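Please read the structure below before turning to the comments.
Protein chains in written order, with this note's numbering: chain A, 7 to 517; chain B, 61 to 417; chain C, 354 to 720.
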């Protein structure tokens with residue numbers, strides 16, 4: 007039987023001002039197919055699917071759904087045609103129950119809610135696709151995985167047969183990802199067409215039937231997943247050959263740089279965010295920090311950087327206790343510590359200001375006089391832009407208009423330009439694509455070679471194992487152990503992250 | 061079925077933005093014209109009278125400038141606070157307290173040499189207005205109180221306090237029982253330069269100073285960073301509390317200076333009606349200036365033209381005050397809503413019927 | 354779509370340009386007639402139901418009297434800051450005004466300065482004290498006279514012997530009125546007392562009403578006021594009590610409480626004065642109109658006032674109109690018990706306007 011063409015997008019063009027986000031893009035998705043949309047950040051994936059979901063209208067080209075040409079003026083039109091979009095950031099109301107979220111904004115059934123009928127329908131959908139959801143549970147009580155399921159039911163309830171998922175795995179744990187993939191496969195069996203946007207190659211290989219790769223707004227090609235190698239996909243994505251392997255150089259020369267001793271931190275709710283944290287950071291090493299999000303990583307970074315008060319403990323930096331000092335005092339003391347916070351635009355940089363104004367952020371206080379001497383920093387800004395190959399129209403360009411990878415490069419560039427002894431990096435590759443991530447790893451390795459001690463807060467265990475010399479595992483604000491990644495498996499680290507104790511085979515390194 | 065929808069826009073090219081703004085002004089004129097017509101006046105004559113009334117002769121131009129000067133100084137003060145995202149709605153009160161402090165000096169040292177007396181009055185006014193802004197800034201910095209309500213309430217406190225003084229302890233014994241504070245001595249009155257009180261020079265100088273301050277000094281930079289993100293300011297090691305307090309001292313100080321200029325050059329005494337709503341008007345002008353000190357010059361002068369033109373047609377054409385206010389309101393409404401259309405795009409769905417089917 | 358927008362914007366620009374051009378050319382509003390232009394500046398709206406409306410009543414009477422001989426221009430809602438007043442007055446002069454009349458106390462200093470700047474314009478100011486000897490005069494009225502009469506009505510009609518007084522600010526003009534009212538009441542009812550509440554505003558209808566309600570709750574059965582709105586009269590009506598208004602005859606606004614009100618007849622001063630100014634015979638003065646002049650008086654007493662009360666009041670009113678009944682005659686004690694006007698002494702205008710006390714039987718702050 008000839009497969010049914012669910013979606014056909016042909017010669018789609020879309021420009022924002024002078025930027026061509028999509029140029030002659032083609033995409034065809036069949037019923038019963040899982041179709042991955044692959045591309046680096048800014049390749050035009052989101053623009054493309056936003057046109058499918060009625061958020062944008064294409065400048066030219068045509069879209070047809072089930073062989074019928076459509077012109078969407080709003081997301082409602084798109085929903086009517088059976089297209090459902092699941093956004094990366096959940097669009098749920100926290101204080102409402104699953105059931106209430108499902109009917110919210112749905113124009114079905116008129117103004118009154120027939121709860122009983124609704125509950126039946128939800129039950130039917132859940133059974134059909136293997137989704138597990140309690141209709142009366144409030145959203146704020148749900149885990150991330152449950153929220154994802156709820157989002158899916160929400161679009162299914164509205165009659166979606168074509169599902170678009172924007173980076174659905176970004177916030178899920180490995181177990182939750184497994185479950186999600188099961189659900190997706192179920193939907194495929196039921197004849198749905200599914201489009202998954204992602205830049206995680208292993209997921210593409212695992213779940214998709216076909217892949218369409220976009221690069222710089224254009225379609226590079228569509229291939230069958232089982233006929234293609236990962237390396238080839240990367241090449242299509244990036245446009246050149248890239249060695250995916252993260253290098254790790256062992257450098258024997260080690261010197262103690264920072265020693266954290268018995269650190270306790272209390273959060274706003276008077277609960278311990280950090281309990282008795284002790285570890286040492288040496289030169290020429292990358293010390294990874296693994297842990298479920300919210301295990302105290304943020305507090306650790308901010309406390310060391312002087313942004314957060316500690317309850318007790320000591321942090322020795324080159325022999326001096328810097329705990330309790332304000333960032334201002336730390337800067338004034340000439341302590342060379344770089345900090346890449348998790349929230350780049352909310353903490354590390356000022357989005358609306360240009361590169362120069364961001365470069366002077368931590369330096370301006372050291373210059374004498376009351377005036378900002380910006381011209382002095384032009385050279386520095388240019389140097390950073392060149393050295394890190396930052397793609398920008400110029401050094402007077404607002405940072406927030408740069409792509410995610412380039413934003414991170416500005417931040418990292420500023421921090422390493424001050425020749426730090428210690429570099430604290432919190433999720434430095436979050437949201438970045440492969441190319442950009444690899445650049446960041448290279449930059450960190452380069453710093454390591456120079457003798458910098460790097461604290462690397464990560465989320466991808468594969469990366470932590472490949473990149474770091476040692477991995478410190480956090481759970482609930484406590485250090486569960488510091489392990490040598492060469493000697494442990496991913497599963498063992500996972501066990502520690504979940505609060506498991508040191509068992510056989512997991513060597514606890516005492517420092 | 062909806063026949064239009066709104067979408068947040070990406071940043072617009074400058075040229076397009078100005079076309080939208082221009083269109084807003086044209087539309088507002090057409091709309092106001094229609095209203096005027098419906099009320100039985102000739103819109104062409106009315107607008108002509110407004111322009112003539114604001115710019116048509118030296119006397120009228122002077123009146124326009126007299127309205128622009130205090131507005132500029134106050135707007136500069138508001139700009140600094142707003143740049144920090146500190147919503148200073150307390151310009152009125154700060155103007156009053158500045159005027160009060162300046163009047164205290166003027167009334168107690170009437171015989172001081174003129175230059176010295178004026179300088180002391182200005183300093184007192186800056187301190188007076190600054191302190192009145194310091195109170196909410198202090199509580200915001202230390203306890204995180206909401207500055208909007210705080211500054212708003214302080215307005216009434218200041219105005220009522222000056223009213224109390226005017227009707228009570230500061231009443232001029234020579235006023236034969238009428239509620240009036242004594243007039244300033246000649247030395248306490250700002251001199252005229254080219255037929256306009258020296259406030260215009262003060263305003264121009266302040267525009268330059270504030271522009272440089274906000275764009276080229278460390279403090280100005282810090283204020284902008286604090287306004288953008290408290291976390292970033294913390295991260296950069298800035299002393300946020302001190303920045304908030306300093307900025308508000310300057311913001312309130314400038315409003316206070318307005319009070320001194322008005323008390324000295326215009327009222328020549330202290331009255332409770334001296335602030336004349338400028339603290340609120342300046343919020344509009346500060347936004348229209350997009351918090352840019354240089355732009356505030358043009359915006360405030362344009363606003364003064366509108367005010368003087370409106371006042372003038374009331375007299376010359378005997379248009380009721382409410383209609384003159386309405387014209388101003390319509391103009392403002394369009395100009396402000398054009399800022400909305402700069403951020404959102406309206407899509408009309410005329411093609412809808414054939415499209416979806 | 355894009356093209357349509359462009360065309361539209363071009364059209365709009367043309368429309369705008371046309372507007373500017375046409376108005377620029379066609380603005381000939383030359384005045385060649387002989388009428389004298391008179392500008393009136395009000396603090397409120399001419400339909401405010403109080404102070405400014407009373408002023409405007411006078412203005413309308415002036416218009417009616419002079420007909421084509423004068424042209425009046427009116428500015429409403431002019432704030433009491435000098436900038437607003439001066440720019441309004443300058444705009445009027447710009448329009449050919451030869452006489453500018455400011456009708457609120459806060460306009461005084463502005464008019465004083467303008468009189469120097471515009472020597473060919475005559476300025477008249479209501480309720481102030483500044484003047485010069487060329488082109489700036491002021492006028493006011495002996496409101497204590499009708500207030501005394503209204504006090505008599507209240508004194509005769511009260512059952513609780515408690516009278517309520519809603520007042521704006523505690524200063525001389527207001528105190529004169531309170532004392533006159535109290536003396537009037539006590540002249541016919543020695544047990545009458547007056548309770549005063551200051552609202553610290555001239556025009557705040559909600560507060561005025563609330564103040565009256567609090568007085569009524571304290572047992573006052575007749576309310577009077579020295580503030581602008583009908584609020585106190587309405588409060589009295591709601592409480593089935595009586596009220597003496599101010600400025601306007603509000604017999605239709607509060608038909609079940611309104612007894613009378615001390616009111617102004619501004620035209621009685623303005624008509625002859627404007628005539629003199631036109632003739633060139635005006636000499637600035639500080640006019641203080643009395644009931645004898647007809648400048649002030651009581652609004653017609655309504656049917657709520659019993660006939661015998663009316664009769665008693667009219668007797669005194671006649672004497673006042675004849676000019677033989679001064680209000681402040683010694684001995685008068687203040688509410689601290691000090692003698693403030695000695696036996697046999699009668700206060701003249703200057704003496705009255707030094708009043709800083711409240712007389713016996715009045716409770717309320719005196720500063």
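Quick reminder that beta carbons are idealized off the backbone N, C-alpha and C, glycines included.
On a predicted model such as this, the values are computed, not experimentally measured, just so you know.
Rounded to whole angstroms, the gap between the alpha carbons of residue 550(C) and residue 563(C) is 10 Å.
One thing to note: residue 582(C) has its Cβ no nearer than 7 Å to the Cβ of residue 568(C). For the pair residue 158(B) and residue 188(B), the CB atoms are nearer than the 7 Å cut-off. Cα atoms of residue 254(A) and residue 200(A): separation of roughly 38 Å, rounded to the nearest angstrom.
Contact of residue 649(C) with chain B is not assigned, every C-beta pair being separated by 7 Å or more.
At a Cβ-Cβ threshold of 7 Å, residue 652(C) and residue 674(C) do not count as neighbours. Distances from the CA of residue 502(C) to each of 492(C), 598(C), 553(C) were compared; the closest alpha carbon is that of 598(C).
Within 9 Å of the CB of residue 299(B), the CB atoms of chain A belong to 332, 334, in sequence order along the chain. An exposed status is given to residue 709(C), since fewer than 16 other beta-carbon atoms sit within 10 Å of its beta-carbon.
For residue 172(A), the beta-bridge partners assigned by DSSP are 203(A).
Of all alpha-carbon atoms in 389(B), 321(B), 111(B), the one lying nearest the alpha-carbon of residue 365(B) is that of 111(B). Cβ neighbours of residue 155(A) within its own chain (closer than 6 Å, five residues either side excluded): 137, 139. Contact note: residue 123(B) reaches chain C through 440, 443, using a C-beta cutoff of 7 Å and chain order.
By the Cβ criterion, the region 479-489 of chain C is in contact with the region 453-469 of chain C, since at least three pairs of Cβ atoms, one from each stretch, lie closer than 8 Å. Per DSSP, reduced to three states, the secondary structure at residue 178(A) is coil, with no helix or strand assignment. Around the Cβ of residue 115(B), a 10 Å sphere holds fewer than 16 other Cβ atoms; the residue is exposed. Nearest C-alpha to residue 307(B) among 286(B), 102(B), 396(B), 295(B): 286(B). By the Cβ criterion, the region 206-214 of chain B is in contact with the region 144-156 of chain B, since at least three pairs of Cβ atoms, one from each stretch, lie closer than 8 Å. For residue 596(C), the beta-bridge partners assigned by DSSP are 576(C), 611(C). At a cut-off of 7 Å between C-beta atoms, residue 84(B) does not count as an interface residue with respect to chain C. Put simply, of 498(C), 566(C), 461(C) the residue whose alpha carbon is nearest the alpha carbon of residue 531(C) is 498(C). Annotation for residue 274(B): the continuous alpha helix (DSSP H) segment containing it runs 259-276. The count of Cβ pairs closer than 8 Å, one atom from the region 175-183 of chain B and one from the region 247-259 of chain B, reaches three, so the stretches are in contact.
For the options 85(B), 89(B), 347(B), the alpha carbon positioned closest to that of residue 104(B) is the one of 89(B). Interface annotation, residue 405(B): not in contact with chain A, CB-CB separation never under 7 Å. Less than 7 Å separates the beta-carbon of residue 442(A) from that of residue 411(A). Along the region 339-359 of chain A, the positions whose C-beta sits under 9 Å from a C-beta of chain B are 345, 347, 349, 351, 352, 353, 354, 355, 356, 357, 358, 359, read in chain order. The bridge partners DSSP lists for residue 282(B) come to none. Beta-bridge partners assigned by DSSP to residue 91(A): 170(A). Counting of Cβ neighbours within 10 angstroms places residue 68(A) among the exposed residues, the total staying below 16.
Restricting attention to 166(A), 458(A), 190(A), the CA atom closest to the CA of residue 174(A) is found in 190(A).
For residue 184(B), no CB of chain C lies under 7 Å from its own CB, so it is not counted at the interface with that chain.
If you draw a 10 Å sphere on the C-beta of residue 400(B), you find fewer than 16 other C-beta atoms in it, and that means exposed. At least one CB of chain B lies nearer than 7 Å to the CB of residue 376(A).
Within chain A, the residues placing a beta-carbon under 9 Å from that of residue 73(B) are 23, 24, ordered along the chain. Distance from the CA of residue 322(B) to the CA of residue 536(C), rounded to the nearest whole angstrom, comes to 43 Å.
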